[in-house]
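One structure is given here, and the rest of the page talks about it.
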Amino acid sequence: MGIAENVAAIRAELPSTVTLIAVSKTRPAADVREALATGQVNFGENYAQELRDKAEEIGAGPRWHFIGSLQRNKVKYVVGRAALIHDVDSLALAEEIGKRSGDAATGILIGVNFGEEQKSGIPVGQVLEFARQLAGVSGVALRGLMAIPPPSEDPEAAAPYFAELAALAAKGRADGLPLHELSMGMSHDWRVAIRHGATLVRVGSAIFGARPAKAPI
63 MGIAENVAAI
73 RAELPSTVTL
83 IAVSKTRPAA
93 DVREALATGQ
103 VNFGENYAQE
113 LRDKAEEIGA
123 GPRWHFIGSL
133 QRNKVKYVVG
143 RAALIHDVDS
153 LALAEEIGKR
163 SGDAATGILI
173 GVNFGEEQKS
183 GIPVGQVLEF
193 ARQLAGVSGV
203 ALRGLMAIPP
213 PSEDPEAAAP
223 YFAELAALAA
233 KGRADGLPLH
243 ELSMGMSHDW
253 RVAIRHGATL
263 VRVGSAIFGA
273 RPAKAPI
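Convert by adding 62 to the 1-based position in the sequence shown; the result is the number in the numbering used here.
Structure below.
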């Protein structure tokens, strides 16, 4: 199936409470425009300069999400273009985002780490305290949590992690923290994520097809 058919097929399964983010990293602007023509509005990018370049080339229409690991020196490319930054994992990064945002606060999610040493993110046990600290950072608006479970070929293997993230957000909300958005679930496990309360699913290859392998250097 083509991009339009893929978007329609996924949307047909989505509850009204869930937003589909079409992950367009490494894809040409033409693919984004094709998805836009179907009414798809939300798009995700992993690389700051790529988001900047696509946003400038395409212009009005997409609502951009930055879903990759963001370095402080790349914040300038993202703020003002991304409606939501999904993986904030340090006060220094949040402060840089806030400084660049000025009076127009940028929406952010806390990137959560389920104990994988090689990955970034705030450890589960420290997330709520970090969320409280973010309340003192001007120029950012905390919206919720984001996480990627450990890799597995079995989509159901992600279920306990999604459930843990949802429970963590619920605990935070009970304490008055604004953890209303749950960004979890990708092309292979988005259905599982929805069962556990995802409000944002990030789908790339199931919409645009497999990304071409990088040429050897």
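We put the beta carbon where it would ideally sit given N, CA and C, even for glycine.
Residues of the same chain with a CB within less than 7 Å of the CB of Ala228, apart from the 5 flanking positions on each side, are Leu244, His258, Gly259 in chain order. Residue Ile172 holds the alpha-carbon nearest to the alpha-carbon of Leu204 among Ala225, Glu226, Pro217, Ile172.
The criterion of a C-beta distance shorter than 8 Å is satisfied by Gly234 and Ala193. By the criterion of a C-beta distance shorter than 7 Å, Thr79 is surrounded in its chain by Thr261, once the five residues flanking it on both sides are discounted. In this structure, the straight-line span from the alpha carbon of Arg73 to that of Leu190 is close to 32 Å. Annotated as distal: Leu132 and Gln195, with beta-carbon spacing of 8 Å or more.
Listed in chain order, the beta strand (DSSP E) elements of length 3 or more contained wholly in the stretch 158 to 211 are 168 to 175, 202 to 209. The straight-line gap separating the alpha-carbon atoms of Phe176 and Pro213 is approximately 12 Å. Under the three-state reduction of DSSP, Ser86 is assigned to coil, being neither helix nor strand. Ala236 is positioned such that its CB atom lies no closer than 8 Å to that of Gly247.
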